[in-house]
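> Next up is a structure, given as structure tokens.
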Amino acid sequence: MRSARVALIWAALAAAICVPIAAAAASPLLAWRGPVYILAGFAGIIALGLVLVQPLLIGGYLPGLPAYRGRRVHHWIGGALVVAVVVHVAGLWFTSPPDMIDALLFTSPTPFSPFGVVAMWAIFAVALLAALRRRLGLRPRTWRIAHMSLAVIIVVGSVVHAMLVEGAMETVSKAALCALVLAAAIKVMADLRVWRRQATSRGESIAQR
Amino acid sequence: MTTIVLSRRNLLAAGGSVVATGVSGLLLPAGAQGVAPTQSMSGGANNYRKGAAIVDRIGKGGFWMSGTVRRAGDGAPLAGQRIQIWAHTTEGQEHEPQSHGATLTDKNGAFRLEMPQIIPVFGQPHGHLAYDSGEFKTVFLRPVMRSAKDTSLEGHFVLQPA
Chain A
3 MRSARVALIW
13 AALAAAICVP
23 IAAAAASPLL
33 AWRGPVYILA
43 GFAGIIALGL
53 VLVQPLLIGG
63 YLPGLPAYRG
73 RRVHHWIGGA
83 LVVAVVVHVA
93 GLWFTSPPDM
103 IDALLFTSPT
113 PFSPFGVVAM
123 WAIFAVALLA
133 ALRRRLGLRP
143 RTWRIAHMSL
153 AVIIVVGSVV
163 HAMLVEGAME
173 TVSKAALCAL
183 VLAAAIKVMA
193 DLRVWRRQAT
203 SRGESIAQR
Chain B
-12 MTTIVLSRRN
-2 LLAAGGSVVA
8 TGVSGLLLPA
18 GAQGVAPTQS
28 MSGGANNYRK
38 GAAIVDRIGK
48 GGFWMSGTVR
58 RAGDGAPLAG
68 QRIQIWAHTT
78 EGQEHEPQSH
88 GATLTDKNGA
98 FRLEMPQIIP
108 VFGQPHGHLA
118 YDSGEFKTVF
128 LRPVMRSAKD
138 TSLEGHFVLQ
148 PA
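Here the protein sequences come in this chain order: A and B.
In my numbering, each residue carries its 1-based index in the first sequence increased by 2.
For the second sequence, counting from 1, position 44 maps to 31 in my numbering; every step adds exactly one.
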């Protein structure tokens, strides 16, 4: 029974990320796009998938990856998320420089662009903060509030950005992935009571559960 | 999604024109009121190539871009005005030369040019139109299709002297 449950959870996660990617790969729009544009688009979808994985790792919800081990994977996935976003933006810049520049300067006519750009800066900020956390001597509570605030911006920004884009992603699988991203973020924040007042040391919040 | 975007655009456009009409009504003496000039849309000039040739059709066609060109103030139709049109289509990306073409308005100030099917690019199915001939102020438009399946799109110009 336990192994069935384990397999089910991992299969569900794989499906949540791979079905939207497969559906986008079948999009007729790809026929009229260049390879760099296609790569940029899929980097964006993968980034959205990674945003789903992050809270699951920190919450210790994935079988075989309790929170203390998930945290290490979370760091690596965070790095991968930065790379995916850089590929997404660089590829779109290469495809149509004026459109990308408009987006980055918040002068784009497309309503989804500012959400994506804000999420991008939040991802860069959280990665930088995580890398410099020790050097800056951030207290756990300061770090937690900073990370959680940026995480909210990343999750909301990414989901709104993805939902408003009319592109290669198939609508239903995109909406499902976005719903899961929101649900995972809300669940981990509720479970770990991240907005609580007292500072606690690493892992303690998990032990309490 | 598209309908929400469009309704917001329409709301902004309608709101903008109400404000514009109201302001010009206040600033100008009675009798000088009239049709307000079209403002360039944000992102309208992206991937513009100056001097696209006047063509009977862009590529193999199948999609119709149409519109009108009028004079600001009295709203009189402007004949013989050169309108340039480009988009990301089934036959090429926005910046590629074969995606660009131009046409002239008829005596009623109307234009109509057949082009390949427009494909959503950068998250929105949209086309680009430009008036850039010098006699009037340059205007760049970037209309968005209600649905990516639409086979036509319109862009309307009200021009003011340069």
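Glycine included, every Cβ here is placed at the ideal spot set by N, Cα and C.
Select from P64(B), D137(B) and K37(B) the residue whose C-alpha is nearest the C-alpha of G121(B).
When only C-alpha atoms are compared, the closest one is K37(B).
> Nearest-angstrom Cα distance between H143(B) and I48(A)?
H143(B) and I48(A): Cα-Cα distance of roughly 40 Å.
> In the DSSP assignment, find the unbroken alpha helix (DSSP H) run with A212(A) in it and report its ends.
Missing from the structure shown is residue 212(A); chain A here goes from 3 to 211 and no further.
> According to DSSP, is L64(A) helix, strand or coil?
Three-state result, L64(A): coil.
> So, with DSSP's three-state summary, where would you put R204(A)?
A caution first: R204(A) carries a pLDDT of 49, below 50, which makes its placement in the model unreliable, though a value can still be read off. If DSSP states are grouped into helix, strand and coil, R204(A) belongs with coil.
> In the DSSP output, what is E101(B) paired with across the bridge?
Answer is R44(B) and W51(B).
> Can you list, in chain order, the residues of its chain with a C-beta nearer than 7 Å to that of V196(A)? Leave out the 5 residues immediately preceding and following it.
Around V196(A): R146 and M150.
> The beta strand (DSSP E) with S139(B) in it runs from where to where?
Looking at the DSSP string, the run of the beta strand (DSSP E) that includes S139(B) is S139 to L146.
> Would you mind telling me which residues of chain A sit closer than 9 Å to G30(B), beta carbon to beta carbon, in chain order?
Simply P100, D101, D104, T109, S110, P111 and T112.
> By Cβ distance, which residues of its chain are closer than 6 Å to S203(A), with the 5 residues on each side in sequence left out?
Summary for S203(A): the model assigns pLDDT 49, below 50, so the residue's position carries little reliability, and this model does not support an answer.
> For D193(A), which of P57(A), I156(A), S98(A) and F96(A) has the nearest alpha-carbon?
Among P57(A), I156(A), S98(A) and F96(A), the Cα nearest to that of D193(A) is on P57(A).
> In chain B, which residues lie less than 7 Å from V167(A) when you measure between Cβ atoms?
By Cβ distance, chain B contributes G110.
> How about the region 51 to 71 of chain B and the region 13 to 30 of chain A: do they share at least three Cβ pairs that are nearer than 8 Å?
Taking 8 Å as the limit for Cβ pairs, the verdict is that the region 13 to 30 of chain A does not touch the region 51 to 71 of chain B.
> Please confirm if the region 134 to 141 of chain A is in contact with the region 156 to 174 of chain A, defined as three or more CB-CB distances below 8 Å between the two stretches.
The region 134 to 141 of chain A, when compared against the region 156 to 174 of chain A, does not touch it at the 8 Å Cβ threshold.
> Measure the C-alpha to C-alpha separation of S29(B) and P113(A) and round it to an integer number of angstroms.
Cα to Cα, the separation comes out at about 12 Å.
> Using a Cβ-Cβ cut-off of less than 9 Å, give me the residues of the region 34 to 51 of chain A that come near chain B, in sequence order.
Listed by position along the chain: W34, R35, G36 and Y39.
> Which residues does DSSP list as the beta-bridge partners of I72(B)?
I72(B) pairs with G88(B) and L116(B).
> Given I155(A), which residues of its chain have a CB within under 6 Å of its CB, disregarding the five upstream and five downstream residues?
Only A124 meet the Cβ criterion.
> Which residues does DSSP pair with R35(A) in a beta bridge?
For R35(A), which the question treats as bridged, DSSP gives no partner whatsoever.
> Going straight from the alpha carbon of A13(A) to that of V84(A), what length do you get?
Roughly 25 Å between the two C-alpha positions.
> Am I right that L52(A) and A186(A) are in contact with their C-beta atoms under 8 Å? What's the rounded C-beta distance?
So it is not a contact: roughly 12 Å between Cβ atoms.
> Name the chain B residues that come within less than 8 Å of L182(A), Cβ to Cβ?
Result: empty, since nearest Cβ-Cβ is about 19 Å, beyond 8 Å.
> When we look at the beta-carbon of I103(A) and count the other beta-carbons within 10 Å, is it buried (16 or more) or exposed?
Classification of I103(A): exposed, given that the 10 Å Cβ count is below 16.
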